[in-house]
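Some notes on the structure that comes next.
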Amino acid sequence: MAVTEADVRHVAALARIALDDARVPSLVRELNTILDHMAVLEALPRDGADDDDRAPMRLREDVVDPAPMARGLEAFAPATRDGFLVVPRLDTHGHLGGGEEGE
Amino acid sequence: MTAAASPATLVARDLAAAVAAGTASARTLAADALARAAAHADLNAFVTLHATPEAACEGSAARGPLAGVPVAVKDNIATTSLSTSCGSRILEGYVSPFDATAVARLRAAGATIVGKANMDEFAMGSSTEHSAFGPVRNPAAPGRVPGGSSGGSAAVVAAGIVPISLGSETGGSVRQPAAFCGITGVKPTYGRVSRYGLVAFASSLDHVGVFGRTVDDAALGLSVIAGVDPRDATSADVAVDDWRAHAGTERLDGTVVGVPREYFPASLDPAMRASCDEAIERLRALGATVREVSLPHTDYAIPVYYILAPAEASSNLARFDGVRYGMRAPADDLRGMYETTRSRGFGAEVTRRILLGTYVLSKGHYDAYYRTAQAVRRRITADFTRVFADGVHVLFTPTTPTPAFEFGAKSAPLEMYLSDIFTATANLAGVPAMSLPIGRVGGLPAGGQLLAAHFREADMFRVAYALERAYGPEVRA
């Protein structure tokens with residue numbers, strides 16, 4: 001179950017960490033060395049006492065989807081524009097300028 | 001009163017008594033501690049210090065069991081008066097809007113917080129070489145690491161800057177630096193001390209712990225911060241015993257000390273083994289019954305720990321994304337901002353563990369790693385439960401396989417991880433454990449570890465008080 005460069009790039013993307021290309025090969029080596037040490041667990045004889053009586057956790061694919069919403073934005077915002085909610089401007093942000101009156 | 005100037009006389013109990021008697025003031029004691037911190041600046045043990053003794057004393061009660069006692073707090077425990085950086089660039093300068101429960105209880109007991117102690121970034125490390133603010137030096141062994149991740153907290157007590165400090169543990173980060181620096185370090189039962197305000201690394205393994213020069217100071221510090229807290233759902237509503245009632249214990253007749261054979265492998269440094277043998281002889285001489293026992297799953301602790309801890313860390317550290325806390329690196333879009341902030345903000349070890357944790361939790365690997373590790377963790381816990389149910393009061397082991405190592409000696413990550421081999425088990429099982437000085441190995445401090453059953457810190461302290469008394473004060477740093 002050796003970790004590949006593609007695996008490292010994949011988990012880095014999931015973890016929102018940008019990696020320099022130069023760093024990837026050493027991370028592959030380091031993770032494989034660490035995970036090799038974990039292999040001892042697979043050799044441990046398992047028995048029924050190890051089984052957690054809770055239902056196993058359901059896992060989805062490791063892909064990032066847009067945040068799902070039960071209803072569209074329009075359903076709970078007073079107004080929308082270009083996919084954004086239009087809300088009253090905060091008093092504390094008046095100095096930023098721009099925008100329209102009442103937003 | 002300047003009795004606090006000498007490390008040998010810097011005892012929290014005595015300082016609090018002097019303040020109560022009116023022969024010392026909190027302000028003077030804080031000023032002395034700040035002066036000592038400045039004199040030991042070369043240790044690099046603090047990330048931040050209060051600028052004035054008045055600032056250190058602000059918010060602390062005038063009376064209490066720690067009245068006027070200067071303490072240091074690890075930089076991953078939230079304080080409103082000083083920043084909480086976790087030894088990381090990503091949180092540099094971050095000031096918490098609230099005090100951690102442990103800190104609030106210290107202040108309510110009269111303690112003054114003089115500074116925040118340096119640490120491995122996000123508590124990931126065993127040498128304090130992984131701090132974004134530079135490594136900490138071991139006051140007891142120049143040229144060597146103080147251990148980690150609470151290396152700063154250990155160093156400030158060992159150097160006599162403060163008598164008590166707070167640290168945190170996920171796999172031994174209080175006990176291992178206590179052993180390396182020649183002082184006492186206690187990790188209580190999981191749930192004994194609130195984690196509210198302790199920046200999360202691996203929530204099921206994280207503990208707040210205490211360093212003291214003496215067993216009694218460690219017991220005093222722990223007694224102040226222990227107890228249920230509604231703000232931490234995992235804190236336990238179990239009565240806190242009067243551990244200090246065991247101070248002065250002279251005999252251990254009727255106490256059964258278990259010596260687990262797995263903690264004395266053939267590869268153990270012979271000098272460390274000899275040091276432990278001497279401690280065991282002293283326990284026998286005190287009247288304890290010493291019995292060899294077995295904790296058969298000990299060898300699996302490091303693989304289990306280095307699956308579960310990074311897995312939990314990868315989730316806990318997702319919150320540091322440039323939006324809510326600390327630094328934000330500019331980028332063209334939101335995803336770019338997250339990625340640039342995190343890659344610039346986290347150091348190499350934290351990045352490695354986040355990637356490792358993300359990998360073991362990802363689909364296709366979850367069963368092989370995470371689920372298996374959870375099952376073996378239950379076996380490790382069951383090993384302890386069985387031994388303590390068989391009549392053993394405490395276990396005695398070496399705290400570490402070797403004394404303090406030199407800077408840069410463990411450059412391969414796995415090599416560093418293996419230095420937690422005797423301590424990670426207690427975090428996995430949640431049992432209380434402590435390290436106390438048991439002499440020297442090659443001129444360097446050596447630590448002996450005591451472990452007890454869940455919420456039986458009293459057994460551990462009783463044996464620790466007696467063993468400390470048997471060794472005498474010269475065994476300390």
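If you read the sequences in order, they're chains B and D.
Counting from 1, one number per residue, gives the positions in the first sequence under the working numbering.
Counting from 1, one number per residue, gives the positions in the second sequence under the working numbering.
Where is the CB? At the ideal position from N, CA and C, for every residue including glycine.
Asked	Found
Residues sharing a beta bridge with Glu-292(D), DSSP	Val-259(D)
Closer than 8 Å to chain D by CB, His-106(B)	Residue 106(B) is absent from the structure shown; chain B starts at 1 and stops at 103.
Contacting residues, own chain, Cβ-Cβ under 6 Å from Ala-429(D) (five flanking each side not counted)	Ile-380, Thr-381, Phe-384
8 Å Cβ cutoff met for Gly-197(D) and Ala-72(D)	no
Per-residue burial, Ile-17(B) [other beta carbons within 10 Å of its own, 16 or more giving buried]	buried
Nearest residue (CA-CA) to Ser-204(D), options Leu-308(D), Val-157(D), Val-193(D)	Leu-308(D)
Contact with chain D by Val-3(B), beta-carbon distance below 8 Å	yes
Min CB distance Thr-92(B) to chain D below 8 Å	no
Sequence-distant residues of its chain with Cβ nearer than 8 Å to Asp-241(D) (five each side left out)	Glu-457, Ala-458
Cβ neighbours of His-454(D) in the same chain (closer than 7 Å, five flanking residues each side left out)	Thr-189, Gly-430, Val-431
Own chain, CB closer than 6 Å to Gly-152(D), minus 5 neighbours either side, in chain order	Ala-45, Ala-117, Asn-118, Met-119, Val-136
Test item: CB-CB of Ala-108(D) and Gly-68(D) under 8 Å	no
Selection of the region 333-345 of chain D by Cβ proximity to chain B, strictly under 9 Å	Arg-335, Gly-336, Tyr-338, Glu-339, Thr-340, Thr-341, Arg-342, Ser-343, Arg-344
7 Å CB neighbourhood of Ala-158(D) in its chain, flanking five on each side removed	Pro-139, Ala-140, Cys-181, Gly-182, Ile-183, Ala-477
Alpha carbon of Arg-282(D) to alpha carbon of Glu-349(D), nearest angstrom	40 Å
Within chain D, partners of Asp-62(B) - CB distance below 7 Å	Ser-362, Lys-363
Close-in-space but distant-in-sequence residues of the same chain around Leu-334(D) (CB under 8 Å, 5 per side omitted)	none
Residue environment, Ala-239(D), which counts as buried when at least 16 other CB atoms sit within 10 Å	exposed
Straight-line Cα distance separating Thr-79(D) from Asp-32(D)	21 Å
CB contact check: Arg-16(B) to chain D, cutoff 8 Å	yes
Cα-Cα separation between Gly-319(D) and Arg-328(D), rounded to whole angstroms	Per the sequence presented here, residue 319(D) reads as Arg, with Gly not at that position. For Arg-319(D) and Arg-328(D), the distance between alpha carbons rounds to 13 Å.
For Tyr-263(D) and Thr-298(D), believed in contact at Cβ under 8 Å, the rounded distance	7 Å
Chain D contact for Glu-74(B) (CB, 8 Å cutoff)	no
Straight-line gap, Arg-469(D) to Gly-248(D) (C-alpha atoms, nearest Å)	8 Å
Helix, strand or coil at Ser-343(D) [DSSP, three-state]	helix
His-207(D) classed as buried or exposed, judged by whether at least 16 other C-beta atoms fall within 10 angstroms	buried
Ser-165(D), enclosing beta strand (DSSP E) - first and last residue	164-169
Below-8 Å beta-carbon distance, Pro-445(D) vs any chain B residue	no
Within-8 Å CB hit, Val-8(B) to chain D	yes
Best match in Ala-404(D), Leu-166(D), Gly-171(D) for proximity to Val-304(D) [C-alpha to C-alpha]	Gly-171(D)
Spatial distance of Arg-46(B) from Gly-364(D) (CA atoms)	20 Å
Cutoff 8 Å; reference Gly-347(D); Cβ partners in own chain excluding five residues on either side	Ser-88, Arg-89, Glu-121, His-130, Ala-132
DSSP three-state assignment for Gly-442(D), whether helix, strand or coil	coil
Whether Thr-399(D) touches Ser-435(D) by CB criterion (8 Å)	yes
Ser-275(D) vs Val-441(D) beta-carbon contact at 8 Å	yes
Secondary structure of Leu-395(D), DSSP reduced to three states	strand
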